[in-house]
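Numbering (the numbering used here), first residue to last: 320 to 871.
Okay, structure first, notes after.
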(Lines of atoms letter the chains of each structure in order from A; the text may use other names.)
(Lines give C-alpha, C1' and ligand atoms only; values in the text may rest on other atoms or scores of the structure.)
Protein backbone atom coordinates (compact mmCIF):
# COMPACT_ATOMS: atom_id res chain seq x y z
CA UNK A 320 0.00 0.00 0.00
CA UNK A 321 2.89 2.38 0.78
CA UNK A 322 4.90 1.49 -2.34
CA UNK A 323 6.12 4.50 -4.30
CA UNK A 324 6.20 6.88 -1.33
CA UNK A 325 9.67 8.21 -2.19
CA UNK A 326 8.75 8.99 -5.80
CA UNK A 327 8.65 12.73 -6.47
CA UNK A 328 5.25 14.10 -7.42
CA UNK A 329 4.25 17.73 -7.94
CA UNK A 330 2.17 19.24 -5.20
CA UNK A 331 -1.39 20.39 -5.78
CA UNK A 332 -0.35 23.94 -4.91
CA UNK A 333 2.43 23.86 -7.52
CA UNK A 334 0.10 22.64 -10.26
CA UNK A 335 -2.60 25.14 -9.31
CA UNK A 336 -0.06 27.99 -9.32
CA UNK A 337 1.24 26.90 -12.73
CA UNK A 338 -2.26 26.75 -14.18
CA UNK A 339 -3.23 30.13 -12.76
CA UNK A 340 0.02 31.67 -13.98
CA UNK A 341 -0.57 30.27 -17.45
CA UNK A 342 -4.11 31.60 -17.57
CA UNK A 343 -2.91 35.04 -16.46
CA UNK A 344 0.29 35.25 -18.48
CA UNK A 345 -0.94 34.06 -21.89
CA UNK A 346 -3.56 36.80 -22.43
CA UNK A 347 -1.31 39.39 -20.79
CA UNK A 348 1.59 38.51 -23.05
CA UNK A 349 -0.67 38.58 -26.10
CA UNK A 350 -2.12 42.00 -25.28
CA UNK A 351 1.24 43.34 -24.22
CA UNK A 352 2.84 42.07 -27.42
CA UNK A 353 0.18 43.70 -29.60
CA UNK A 354 0.35 46.96 -27.68
CA UNK A 355 4.15 47.13 -27.71
CA UNK A 356 4.33 46.20 -31.37
CA UNK A 357 1.61 48.71 -32.29
CA UNK A 358 3.43 51.41 -30.32
CA UNK A 359 6.67 50.50 -32.04
CA UNK A 360 5.02 51.06 -35.42
CA UNK A 361 4.00 54.58 -34.31
CA UNK A 362 7.53 55.31 -33.09
CA UNK A 363 8.91 53.99 -36.35
CA UNK A 364 6.65 56.32 -38.36
CA UNK A 365 7.68 59.29 -36.18
CA UNK A 366 11.40 58.45 -36.55
CA UNK A 367 11.10 58.19 -40.34
CA UNK A 368 9.24 61.52 -40.53
CA UNK A 369 11.98 63.13 -38.39
CA UNK A 370 14.70 61.81 -40.71
CA UNK A 371 12.92 62.87 -43.90
CA UNK A 372 11.95 66.25 -42.48
CA UNK A 373 15.56 66.89 -41.40
CA UNK A 374 16.79 66.25 -44.94
CA UNK A 375 14.09 68.45 -46.48
CA UNK A 376 14.80 71.15 -43.85
CA UNK A 377 18.49 71.14 -44.83
CA UNK A 378 17.58 71.70 -48.51
CA UNK A 379 15.08 74.42 -47.52
CA UNK A 380 17.70 76.15 -45.34
CA UNK A 381 20.12 76.28 -48.26
CA UNK A 382 17.50 77.93 -50.48
CA UNK A 383 16.66 80.50 -47.80
CA UNK A 384 20.33 81.43 -47.45
CA UNK A 385 20.61 81.89 -51.24
CA UNK A 386 17.41 83.92 -51.56
CA UNK A 387 17.05 87.68 -51.24
CA UNK A 388 16.95 88.98 -47.65
CA UNK A 389 13.29 90.00 -47.94
CA UNK A 390 12.07 86.82 -49.70
CA UNK A 391 11.26 85.02 -46.41
CA UNK A 392 9.96 86.53 -43.17
CA UNK A 393 12.11 86.27 -40.04
CA UNK A 394 10.58 84.50 -37.06
CA UNK A 395 11.48 84.33 -33.34
CA UNK A 396 14.95 83.68 -32.03
CA UNK A 397 15.93 80.02 -31.66
CA UNK A 398 15.16 78.95 -28.03
CA UNK A 399 18.09 77.90 -25.85
CA UNK A 400 16.39 74.63 -24.88
CA UNK A 401 14.00 72.33 -26.70
CA UNK A 402 12.84 69.29 -24.68
CA UNK A 403 12.47 67.24 -27.86
CA UNK A 404 16.14 67.71 -28.80
CA UNK A 405 18.87 65.70 -27.04
CA UNK A 406 21.91 68.00 -26.97
CA UNK A 407 25.56 66.94 -26.73
CA UNK A 408 28.86 68.34 -27.96
CA UNK A 409 28.52 67.31 -31.60
CA UNK A 410 24.94 66.23 -32.30
CA UNK A 411 21.38 67.29 -31.58
CA UNK A 412 19.24 64.23 -32.30
CA UNK A 413 15.45 64.28 -31.95
CA UNK A 414 14.28 61.13 -30.17
CA UNK A 415 10.80 59.77 -31.08
CA UNK A 416 8.56 60.18 -28.04
CA UNK A 417 4.98 59.44 -29.14
CA UNK A 418 3.27 56.69 -27.15
CA UNK A 419 -0.13 55.14 -27.77
CA UNK A 420 -0.68 54.60 -24.05
CA UNK A 421 0.31 58.06 -22.74
CA UNK A 422 0.23 60.53 -25.64
CA UNK A 423 -3.09 62.15 -26.53
CA UNK A 424 -4.74 61.38 -29.86
CA UNK A 425 -6.08 64.69 -31.15
CA UNK A 426 -8.96 65.37 -33.48
CA UNK A 427 -8.32 65.25 -37.25
CA UNK A 428 -6.10 68.04 -38.59
CA UNK A 429 -8.09 71.26 -39.16
CA UNK A 430 -8.21 72.52 -42.77
CA UNK A 431 -5.87 75.29 -43.84
CA UNK A 432 -7.04 78.91 -43.51
CA UNK A 433 -6.56 81.91 -45.80
CA UNK A 434 -3.16 83.52 -45.23
CA UNK A 435 -3.18 87.12 -43.92
CA UNK A 436 -0.04 87.86 -46.01
CA UNK A 437 0.80 86.16 -49.30
CA UNK A 438 4.31 84.71 -49.68
CA UNK A 439 6.77 86.53 -51.95
CA UNK A 440 7.11 85.45 -55.61
CA UNK A 441 10.70 84.33 -54.95
CA UNK A 442 9.53 82.13 -52.05
CA UNK A 443 6.83 80.60 -54.26
CA UNK A 444 9.42 79.92 -56.96
CA UNK A 445 11.71 78.20 -54.44
CA UNK A 446 8.69 76.29 -53.15
CA UNK A 447 7.86 75.14 -56.66
CA UNK A 448 11.31 73.53 -56.88
CA UNK A 449 10.89 71.89 -53.49
CA UNK A 450 7.45 70.56 -54.53
CA UNK A 451 9.07 68.44 -57.23
CA UNK A 452 11.37 66.91 -54.59
CA UNK A 453 8.40 66.37 -52.24
CA UNK A 454 6.31 64.65 -54.91
CA UNK A 455 9.11 62.23 -55.82
CA UNK A 456 9.75 61.48 -52.14
CA UNK A 457 6.07 60.86 -51.41
CA UNK A 458 5.87 58.12 -54.05
CA UNK A 459 8.38 56.10 -52.04
CA UNK A 460 7.70 57.06 -48.43
CA UNK A 461 3.90 57.58 -48.62
CA UNK A 462 4.42 60.61 -46.35
CA UNK A 463 2.82 64.02 -46.90
CA UNK A 464 5.05 67.12 -46.76
CA UNK A 465 4.33 70.83 -46.70
CA UNK A 466 6.97 73.54 -46.52
CA UNK A 467 5.90 76.66 -44.63
CA UNK A 468 7.52 80.05 -44.12
CA UNK A 469 8.02 81.61 -40.70
CA UNK A 470 4.42 82.91 -40.73
CA UNK A 471 2.98 79.39 -41.24
CA UNK A 472 2.01 79.93 -44.89
CA UNK A 473 2.48 76.99 -47.30
CA UNK A 474 4.98 77.60 -50.14
CA UNK A 475 5.53 73.95 -51.21
CA UNK A 476 3.52 70.77 -51.13
CA UNK A 477 0.83 68.91 -52.99
CA UNK A 478 -1.91 71.37 -52.07
CA UNK A 479 -2.75 74.31 -49.81
CA UNK A 480 -0.03 76.53 -51.38
CA UNK A 481 -0.58 80.11 -50.26
CA UNK A 482 -2.81 79.06 -47.34
CA UNK A 483 -1.96 79.16 -43.64
CA UNK A 484 -1.48 76.35 -41.06
CA UNK A 485 -0.54 78.81 -38.30
CA UNK A 486 -3.62 77.89 -36.23
CA UNK A 487 -2.54 74.23 -35.81
CA UNK A 488 -0.87 73.44 -32.46
CA UNK A 489 2.21 71.55 -33.66
CA UNK A 490 2.84 74.18 -36.38
CA UNK A 491 2.60 77.01 -33.81
CA UNK A 492 5.20 75.17 -31.69
CA UNK A 493 7.55 74.92 -34.67
CA UNK A 494 6.98 78.62 -35.52
CA UNK A 495 8.12 79.34 -31.94
CA UNK A 496 11.30 77.29 -32.49
CA UNK A 497 10.29 74.00 -30.82
CA UNK A 498 9.90 70.65 -32.50
CA UNK A 499 6.31 69.36 -32.43
CA UNK A 500 4.97 65.83 -32.94
CA UNK A 501 1.40 64.70 -32.33
CA UNK A 502 -0.99 61.90 -33.18
CA UNK A 503 -4.31 62.79 -34.75
CA UNK A 504 -7.32 60.79 -35.78
CA UNK A 505 -7.39 59.91 -39.43
CA UNK A 506 -9.87 61.85 -41.50
CA UNK A 507 -10.73 59.24 -44.13
CA UNK A 508 -13.60 59.55 -46.58
CA UNK A 509 -14.18 55.75 -46.49
CA UNK A 510 -14.67 53.95 -43.13
CA UNK A 511 -12.07 51.50 -41.90
CA UNK A 512 -12.86 47.75 -42.01
CA UNK A 513 -14.40 46.45 -38.73
CA UNK A 514 -11.36 44.24 -38.17
CA UNK A 515 -9.20 47.37 -37.84
CA UNK A 516 -11.02 48.27 -34.64
CA UNK A 517 -8.84 45.84 -32.66
CA UNK A 518 -5.82 48.03 -33.47
CA UNK A 519 -5.68 51.47 -31.89
CA UNK A 520 -2.84 52.52 -34.15
CA UNK A 521 -4.78 51.79 -37.33
CA UNK A 522 -6.91 54.94 -36.93
CA UNK A 523 -4.18 57.53 -36.22
CA UNK A 524 -1.85 59.65 -38.29
CA UNK A 525 1.49 61.02 -37.07
CA UNK A 526 2.23 64.72 -37.66
CA UNK A 527 5.69 66.26 -37.29
CA UNK A 528 6.49 69.98 -37.44
CA UNK A 529 10.24 70.80 -37.62
CA UNK A 530 11.49 74.41 -37.41
CA UNK A 531 14.14 75.61 -39.90
CA UNK A 532 16.74 77.92 -38.37
CA UNK A 533 18.97 80.40 -40.23
CA UNK A 534 21.34 82.63 -38.27
CA UNK A 535 19.62 81.77 -34.98
CA UNK A 536 16.09 82.68 -36.13
CA UNK A 537 13.11 80.66 -37.29
CA UNK A 538 12.83 81.12 -41.07
CA UNK A 539 10.49 78.24 -41.97
CA UNK A 540 8.76 75.02 -40.98
CA UNK A 541 8.70 71.55 -42.52
CA UNK A 542 5.29 69.98 -41.77
CA UNK A 543 5.10 66.20 -42.46
CA UNK A 544 2.54 63.48 -41.77
CA UNK A 545 2.16 59.77 -42.29
CA UNK A 546 -0.07 56.89 -41.22
CA UNK A 547 1.87 54.25 -39.24
CA UNK A 548 2.12 50.81 -40.66
CA UNK A 549 -0.91 48.68 -39.73
CA UNK A 550 -0.39 45.82 -37.27
CA UNK A 551 -2.79 43.58 -39.18
CA UNK A 552 -0.75 43.99 -42.33
CA UNK A 553 2.38 43.30 -40.34
CA UNK A 554 0.80 40.17 -38.88
CA UNK A 555 -0.20 39.05 -42.35
CA UNK A 556 3.34 39.52 -43.56
CA UNK A 557 4.52 37.45 -40.61
CA UNK A 558 1.65 34.95 -40.93
CA UNK A 559 3.95 31.92 -40.78
CA UNK A 560 5.41 32.99 -37.46
CA UNK A 561 1.98 34.02 -36.16
CA UNK A 562 0.56 30.63 -37.11
CA UNK A 563 3.48 28.92 -35.36
CA UNK A 564 2.90 31.02 -32.24
CA UNK A 565 -0.82 30.22 -32.30
CA UNK A 566 -0.02 26.53 -32.65
CA UNK A 567 2.34 26.70 -29.69
CA UNK A 568 -0.33 28.46 -27.58
CA UNK A 569 -2.94 25.87 -28.52
CA UNK A 570 -0.51 23.05 -27.85
CA UNK A 571 0.44 24.57 -24.50
CA UNK A 572 -3.21 24.92 -23.55
CA UNK A 573 -3.83 21.32 -24.55
CA UNK A 574 -0.86 20.11 -22.51
CA UNK A 575 -2.05 22.14 -19.51
CA UNK A 576 -5.49 20.60 -19.85
CA UNK A 577 -4.06 17.10 -20.13
CA UNK A 578 -1.79 17.72 -17.12
CA UNK A 579 -4.72 19.00 -15.06
CA UNK A 580 -6.91 16.03 -16.01
CA UNK A 581 -4.13 13.49 -15.42
CA UNK A 582 -2.76 14.91 -12.19
CA UNK A 583 -5.95 16.16 -10.52
CA UNK A 584 -9.26 15.39 -12.22
CA UNK A 585 -8.76 11.71 -13.08
CA UNK A 586 -7.24 10.62 -9.73
CA UNK A 587 -9.93 12.52 -7.83
CA UNK A 588 -12.65 10.93 -9.97
CA UNK A 589 -11.09 7.49 -9.44
CA UNK A 590 -10.80 8.12 -5.70
CA UNK A 591 -14.43 9.26 -5.51
CA UNK A 592 -15.47 6.10 -7.38
CA UNK A 593 -13.51 3.96 -4.96
CA UNK A 594 -15.12 5.70 -1.99
CA UNK A 595 -18.57 5.09 -3.48
CA UNK A 596 -17.76 1.42 -4.10
CA UNK A 597 -16.44 0.99 -0.54
CA UNK A 598 -19.61 2.63 0.78
CA UNK A 599 -21.64 -0.07 -0.98
CA UNK A 600 -19.57 -2.83 0.63
CA UNK A 601 -17.26 -3.72 -2.27
CA UNK A 602 -14.06 -4.55 -0.40
CA UNK A 603 -12.09 -5.20 -3.59
CA UNK A 604 -12.13 -1.42 -4.08
CA UNK A 605 -9.72 -1.08 -1.12
CA UNK A 606 -6.61 -1.12 -3.30
CA UNK A 607 -4.07 1.41 -4.64
CA UNK A 608 -5.13 3.75 -7.45
CA UNK A 609 -3.67 3.28 -10.89
CA UNK A 610 -2.39 6.86 -10.97
CA UNK A 611 -2.06 9.35 -8.11
CA UNK A 612 -1.01 12.56 -9.88
CA UNK A 613 0.04 14.80 -7.01
CA UNK A 614 1.68 14.21 -3.65
CA UNK A 615 -1.44 15.48 -1.85
CA UNK A 616 -3.70 13.06 -3.71
CA UNK A 617 -1.26 10.23 -3.04
CA UNK A 618 -1.29 10.98 0.70
CA UNK A 619 -5.07 11.42 0.70
CA UNK A 620 -5.59 8.15 -1.16
CA UNK A 621 -3.24 6.26 1.15
CA UNK A 622 -4.98 7.69 4.22
CA UNK A 623 -8.45 6.88 2.90
CA UNK A 624 -7.50 3.34 1.84
CA UNK A 625 -5.79 2.70 5.18
CA UNK A 626 -8.81 4.04 7.02
CA UNK A 627 -11.18 1.96 4.88
CA UNK A 628 -9.11 -1.18 5.44
CA UNK A 629 -8.98 -0.60 9.18
CA UNK A 630 -12.71 0.04 9.32
CA UNK A 631 -13.33 -3.10 7.28
CA UNK A 632 -11.03 -5.14 9.51
CA UNK A 633 -12.64 -3.58 12.56
CA UNK A 634 -16.09 -4.47 11.23
CA UNK A 635 -14.96 -8.08 10.72
CA UNK A 636 -13.40 -8.09 14.16
CA UNK A 637 -16.54 -6.73 15.80
CA UNK A 638 -18.73 -9.22 13.95
CA UNK A 639 -16.49 -12.14 14.95
CA UNK A 640 -16.14 -10.74 18.46
CA UNK A 641 -19.93 -10.43 18.85
CA UNK A 642 -20.37 -14.01 17.66
CA UNK A 643 -17.76 -15.24 20.15
CA UNK A 644 -19.23 -13.24 23.01
CA UNK A 645 -22.76 -14.46 22.29
CA UNK A 646 -21.48 -18.03 22.06
CA UNK A 647 -19.44 -17.78 25.26
CA UNK A 648 -22.32 -16.24 27.19
CA UNK A 649 -24.95 -18.52 25.66
CA UNK A 650 -23.46 -21.68 27.18
CA UNK A 651 -23.57 -20.63 30.87
CA UNK A 652 -26.88 -18.81 30.35
CA UNK A 653 -28.41 -21.93 28.83
CA UNK A 654 -27.07 -23.96 31.74
CA UNK A 655 -28.46 -21.44 34.23
CA UNK A 656 -31.85 -21.42 32.55
CA UNK A 657 -32.03 -25.20 32.41
CA UNK A 658 -31.07 -25.59 36.07
CA UNK A 659 -33.55 -22.92 37.13
CA UNK A 660 -36.37 -24.52 35.13
CA UNK A 661 -35.53 -27.96 36.52
CA UNK A 662 -35.49 -26.69 40.09
CA UNK A 663 -38.81 -24.96 39.55
CA UNK A 664 -40.53 -27.94 37.95
CA UNK A 665 -39.07 -30.62 40.30
CA UNK A 666 -38.78 -28.62 43.49
CA UNK A 667 -41.01 -30.99 45.51
CA UNK A 668 -39.21 -34.17 44.54
CA UNK A 669 -35.64 -32.75 44.64
CA UNK A 670 -33.44 -33.72 47.56
CA UNK A 671 -31.27 -31.28 49.46
CA UNK A 672 -28.06 -32.66 47.90
CA UNK A 673 -29.48 -32.37 44.38
CA UNK A 674 -30.59 -28.81 45.05
CA UNK A 675 -27.14 -27.95 46.44
CA UNK A 676 -25.49 -29.48 43.35
CA UNK A 677 -27.71 -27.49 40.97
CA UNK A 678 -27.05 -24.27 42.89
CA UNK A 679 -23.29 -24.91 42.81
CA UNK A 680 -23.45 -25.36 39.03
CA UNK A 681 -25.44 -22.16 38.69
CA UNK A 682 -22.92 -20.27 40.82
CA UNK A 683 -20.06 -21.69 38.72
CA UNK A 684 -21.78 -20.53 35.51
CA UNK A 685 -22.39 -17.09 37.00
CA UNK A 686 -18.73 -16.92 38.08
CA UNK A 687 -17.64 -17.86 34.56
CA UNK A 688 -19.75 -15.05 33.12
CA UNK A 689 -18.25 -12.59 35.62
CA UNK A 690 -14.73 -13.66 34.65
CA UNK A 691 -15.67 -13.37 30.99
CA UNK A 692 -17.07 -9.88 31.48
CA UNK A 693 -13.98 -8.80 33.43
CA UNK A 694 -11.73 -9.98 30.62
CA UNK A 695 -13.95 -8.29 28.03
CA UNK A 696 -13.37 -5.03 29.90
CA UNK A 697 -9.64 -5.74 29.91
CA UNK A 698 -9.71 -6.39 26.17
CA UNK A 699 -11.58 -3.10 25.56
CA UNK A 700 -8.97 -1.29 27.66
CA UNK A 701 -6.18 -3.05 25.79
CA UNK A 702 -7.55 -1.88 22.43
CA UNK A 703 -7.57 1.75 23.60
CA UNK A 704 -5.16 1.96 26.54
CA UNK A 705 -3.94 5.05 28.31
CA UNK A 706 -0.41 5.43 27.01
CA UNK A 707 2.53 6.88 28.86
CA UNK A 708 4.51 6.06 31.96
CA UNK A 709 7.57 3.86 32.38
CA UNK A 710 8.73 0.86 34.38
CA UNK A 711 11.96 -1.10 34.61
CA UNK A 712 12.06 -4.82 33.99
CA UNK A 713 13.47 -5.35 37.50
CA UNK A 714 10.57 -3.48 39.15
CA UNK A 715 8.10 -5.37 36.95
CA UNK A 716 9.61 -8.72 37.98
CA UNK A 717 9.41 -7.73 41.63
CA UNK A 718 5.68 -6.98 41.34
CA UNK A 719 5.09 -10.22 39.43
CA UNK A 720 6.88 -12.20 42.15
CA UNK A 721 4.34 -10.97 44.69
CA UNK A 722 1.44 -12.08 42.47
CA UNK A 723 2.91 -15.48 41.56
CA UNK A 724 4.55 -16.63 44.80
CA UNK A 725 4.73 -20.29 43.72
CA UNK A 726 6.51 -19.42 40.49
CA UNK A 727 10.29 -19.08 40.29
CA UNK A 728 11.11 -15.94 38.28
CA UNK A 729 14.64 -15.35 36.95
CA UNK A 730 15.46 -11.90 35.51
CA UNK A 731 18.36 -10.60 33.40
CA UNK A 732 18.73 -7.10 31.94
CA UNK A 733 16.50 -5.69 34.67
CA UNK A 734 17.77 -2.09 34.22
CA UNK A 735 16.02 -1.79 30.85
CA UNK A 736 13.18 0.77 31.05
CA UNK A 737 9.93 0.15 29.16
CA UNK A 738 7.74 2.99 27.87
CA UNK A 739 4.65 1.50 29.52
CA UNK A 740 2.81 2.29 32.71
CA UNK A 741 3.28 -0.25 35.53
CA UNK A 742 -0.42 -1.19 35.24
CA UNK A 743 -0.25 -1.94 31.51
CA UNK A 744 3.08 -3.76 31.82
CA UNK A 745 1.69 -5.78 34.75
CA UNK A 746 -1.31 -6.75 32.62
CA UNK A 747 0.90 -7.89 29.69
CA UNK A 748 3.41 -9.93 31.68
CA UNK A 749 0.80 -11.06 34.24
CA UNK A 750 -1.24 -12.80 31.50
CA UNK A 751 1.93 -14.40 30.12
CA UNK A 752 2.89 -15.78 33.56
CA UNK A 753 -0.70 -16.85 34.25
CA UNK A 754 -0.70 -18.70 30.94
CA UNK A 755 2.57 -20.40 31.99
CA UNK A 756 1.11 -21.45 35.37
CA UNK A 757 -2.01 -22.82 33.67
CA UNK A 758 0.25 -25.01 31.52
CA UNK A 759 2.14 -26.47 34.46
CA UNK A 760 5.19 -24.17 34.57
CA UNK A 761 7.25 -23.82 37.77
CA UNK A 762 9.97 -21.55 36.49
CA UNK A 763 9.87 -18.49 34.19
CA UNK A 764 12.88 -16.67 32.77
CA UNK A 765 12.59 -12.98 31.74
CA UNK A 766 15.56 -11.73 29.69
CA UNK A 767 15.67 -8.11 28.48
CA UNK A 768 18.11 -6.60 25.99
CA UNK A 769 18.17 -3.16 24.37
CA UNK A 770 18.22 -2.92 20.56
CA UNK A 771 18.13 0.69 19.33
CA UNK A 772 14.93 2.43 20.49
CA UNK A 773 13.32 -0.92 21.40
CA UNK A 774 13.68 -3.40 24.22
CA UNK A 775 13.70 -7.09 23.30
CA UNK A 776 12.11 -9.07 26.14
CA UNK A 777 12.01 -12.87 26.07
CA UNK A 778 9.62 -14.68 28.42
CA UNK A 779 10.31 -18.47 28.56
CA UNK A 780 8.72 -21.05 30.86
CA UNK A 781 9.18 -24.76 31.53
CA UNK A 782 5.52 -25.72 31.15
CA UNK A 783 3.88 -28.02 28.63
CA UNK A 784 4.16 -25.44 25.85
CA UNK A 785 1.89 -24.95 22.81
CA UNK A 786 1.09 -27.73 20.39
CA UNK A 787 2.07 -27.29 16.77
CA UNK A 788 -1.52 -27.16 15.57
CA UNK A 789 -2.50 -24.37 17.96
CA UNK A 790 0.52 -22.07 17.47
CA UNK A 791 -1.16 -19.95 14.77
CA UNK A 792 -4.32 -19.31 16.83
CA UNK A 793 -3.08 -18.54 20.33
CA UNK A 794 -3.57 -14.76 19.95
CA UNK A 795 -7.14 -15.11 18.71
CA UNK A 796 -9.72 -13.94 21.27
CA UNK A 797 -11.79 -16.77 22.82
CA UNK A 798 -9.45 -19.49 21.57
CA UNK A 799 -8.68 -21.75 24.55
CA UNK A 800 -7.47 -25.30 25.12
CA UNK A 801 -8.71 -25.15 28.75
CA UNK A 802 -12.37 -24.34 28.22
CA UNK A 803 -13.41 -27.24 30.46
CA UNK A 804 -11.29 -25.77 33.25
CA UNK A 805 -12.82 -22.34 32.98
CA UNK A 806 -10.41 -20.81 30.47
CA UNK A 807 -11.83 -17.95 28.36
CA UNK A 808 -9.07 -17.78 25.72
CA UNK A 809 -8.76 -14.01 26.05
CA UNK A 810 -5.50 -13.61 27.98
CA UNK A 811 -3.08 -13.69 25.04
CA UNK A 812 -5.50 -11.63 22.93
CA UNK A 813 -5.34 -8.91 25.59
CA UNK A 814 -1.51 -9.16 25.61
CA UNK A 815 -1.35 -8.79 21.80
CA UNK A 816 -3.72 -5.80 21.78
CA UNK A 817 -1.80 -3.98 24.54
CA UNK A 818 1.60 -4.57 22.96
CA UNK A 819 0.41 -3.34 19.53
CA UNK A 820 -1.26 -0.29 21.10
CA UNK A 821 2.16 0.70 22.52
CA UNK A 822 3.89 0.34 19.15
CA UNK A 823 5.44 -3.07 19.77
CA UNK A 824 4.80 -6.65 18.77
CA UNK A 825 4.81 -10.15 20.25
CA UNK A 826 5.61 -13.52 18.68
CA UNK A 827 5.71 -17.14 19.81
CA UNK A 828 9.11 -18.70 19.11
CA UNK A 829 10.26 -22.29 18.86
CA UNK A 830 11.51 -23.74 22.16
CA UNK A 831 12.90 -27.10 23.23
CA UNK A 832 10.64 -27.04 26.26
CA UNK A 833 7.70 -24.93 27.37
CA UNK A 834 6.57 -21.72 25.66
CA UNK A 835 8.88 -18.91 24.58
CA UNK A 836 7.50 -15.45 23.75
CA UNK A 837 9.56 -12.59 22.29
CA UNK A 838 8.26 -9.08 22.83
CA UNK A 839 9.55 -5.88 21.26
CA UNK A 840 8.56 -2.83 23.29
CA UNK A 841 9.59 0.84 23.05
CA UNK A 842 12.17 2.12 25.52
CA UNK A 843 11.40 5.09 27.71
CA UNK A 844 13.32 8.30 26.90
CA UNK A 845 15.63 8.30 29.96
CA UNK A 846 16.85 4.82 29.01
CA UNK A 847 17.64 5.96 25.47
CA UNK A 848 19.46 9.04 26.79
CA UNK A 849 21.42 6.88 29.23
CA UNK A 850 22.48 4.49 26.46
CA UNK A 851 23.62 7.42 24.30
CA UNK A 852 25.60 8.82 27.25
CA UNK A 853 27.17 5.43 27.92
CA UNK A 854 28.05 5.04 24.24
CA UNK A 855 29.75 8.46 24.03
CA UNK A 856 31.55 7.86 27.32
CA UNK A 857 32.90 4.61 25.92
CA UNK A 858 34.06 6.37 22.73
CA UNK A 859 35.85 8.99 24.82
CA UNK A 860 37.62 6.29 26.86
CA UNK A 861 38.71 4.50 23.71
CA UNK A 862 39.99 7.78 22.23
CA UNK A 863 42.02 8.51 25.35
CA UNK A 864 43.39 4.96 25.42
CA UNK A 865 44.52 5.27 21.80
CA UNK A 866 46.08 8.72 22.31
CA UNK A 867 49.96 8.65 22.39
CA UNK A 868 50.00 10.99 25.39
CA UNK A 869 48.14 8.45 27.52
CA UNK A 870 51.27 6.31 27.74
CA UNK A 871 53.62 9.07 28.78
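Don't be surprised by glycine CBs; every beta carbon is placed ideally from N, CA and C.
| Asked | Found |
| --- | --- |
| Start-to-end residues for the beta strand (DSSP E) that takes in residue 730 | 727-731 |
| Between the CA atoms of residue 774 and residue 822 - distance to the nearest angstrom | 12 Å |
| DSSP state of residue 825 mapped onto helix, strand, coil | strand |
| Cross-strand partners of residue 502 (DSSP beta bridge) | 424, 525 |
| Rounded C-alpha distance that separates residue 762 from residue 631 | 42 Å |
| Cutoff 8 Å; reference residue 545; Cβ partners in own chain excluding five residues on either side | 364, 367, 368, 460, 461, 462, 463, 524, 525 |
| 7 Å CB neighbourhood of residue 620 in its chain, flanking five on each side removed | 590, 608, 611 |
| Backbone CA spacing between residue 629 and residue 617 [nearest angstrom] | 18 Å |
| Boundaries of the alpha helix (DSSP H) in which residue 446 is found, first to last residue | 440-460 |
| Bounding residues of the beta strand (DSSP E) (the contiguous stretch that carries residue 778) | 773-780 |
| Coil, strand or helix - residue 571 by DSSP | helix |
| Reduced DSSP secondary structure (H/G/I, E/B, other) of residue 769 | strand |
| Buried/exposed call for residue 717, threshold 16 Cβ in 10 Å | exposed |
| Rounded C-alpha distance that separates residue 710 from residue 606 | 41 Å |
| Three-state secondary structure (DSSP) of residue 811 | helix |
| Cα-Cα separation, residue 661 to residue 672 | 14 Å |
| Beta-ladder partner(s) of residue 467, from DSSP | 473, 540 |
| For residue 559 and residue 438, the rounded distance between their alpha carbons | 54 Å |
| Residues that DSSP places opposite residue 836 in a beta bridge | 778, 827 |
| Those residues which DSSP pairs with residue 404 across a bridge | 413 |
| Secondary structure of residue 631, DSSP reduced to three states | helix |
| According to DSSP, residues forming a beta bridge with residue 532 | 537 |
| Residue 383 burial status per 10 Å Cβ neighbour count (16 or more: buried) | buried |
| Beta-carbon proximity list for residue 627, same chain, < 6 Å, skipping 5 on both sides | 597, 605 |
| Below-7 Å beta-carbon distance, residue 761 vs any chain C residue | Of the protein chains in this structure there is only one, and it is not chain C. |
| Own chain, CB closer than 8 Å to residue 401, minus 5 neighbours either side, in chain order | 496, 497, 498 |
| DSSP state of residue 586 mapped onto helix, strand, coil | helix |
| Residue 473, buried or exposed, once every other Cβ within 10 Å from all chains shown has been counted against 16 | buried |
| C-alpha distance - residue 788 paired with residue 576, whole-angstrom precision | 60 Å |
| Host alpha helix (DSSP H) of residue 842 (start-end) | Looking at the DSSP string, residue 842 is not in any alpha helix (DSSP H), and its letter there is neither H nor E. |
| Beta-carbon spacing of residue 376, residue 441 below 7 Å | no |
| Beta-carbon separation (whole angstroms), residue 828 vs residue 835, contact threshold 8 Å | 5 Å |
| Residue from 443, 816, 374, 427 with nearest C-alpha to residue 506 | 427 |
| Counted within 10 angstroms of its Cβ, other Cβ atoms place residue 780 as buried (16 or more) or exposed | buried |
| Residue(s) in a DSSP beta bridge with residue 763 | 728, 780 |
| The region 749-762 contacting the region 715-733, beta-carbon criterion three pairs below 8 Å | yes |
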